[in-house]
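Here the structure is laid out as structure tokens; the discussion comes afterwards.
In this note's numbering, the protein residues as written are 15 to 71.
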């Protein structure tokens, strides 16, 4: 296989592998926020928890 093609495929693999890791924290915050709203908590409390969660990402 051509060296440039191998490097290109490697770079695509690294990008594809790192994208879910970076997005997983934010995704967790959104899921927790929706669960908070569904539990009947006041929206202001849920928003504050979501913001704190996203800041920790």
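Ideal placement from N, C-alpha and C gives every residue a C-beta, glycine not left out.
All values reported here derive from a predicted model rather than from experimental measurement.
Residue i (DSSP reduced to helix, strand or coil)
| i | result |
| --- | --- |
| residue 67 | helix |
| residue 16 | coil |
| residue 53 | coil |
With 16 other Cβ atoms within 10 Å as the buried cut-off, status of residue i
| i | result |
| --- | --- |
| residue 43 | buried |
Proximity of residue i and residue j at Cβ, strictly below 7 Å
| i | j | result |
| --- | --- | --- |
| residue 39 | residue 51 | no |
| residue 64 | residue 41 | no |
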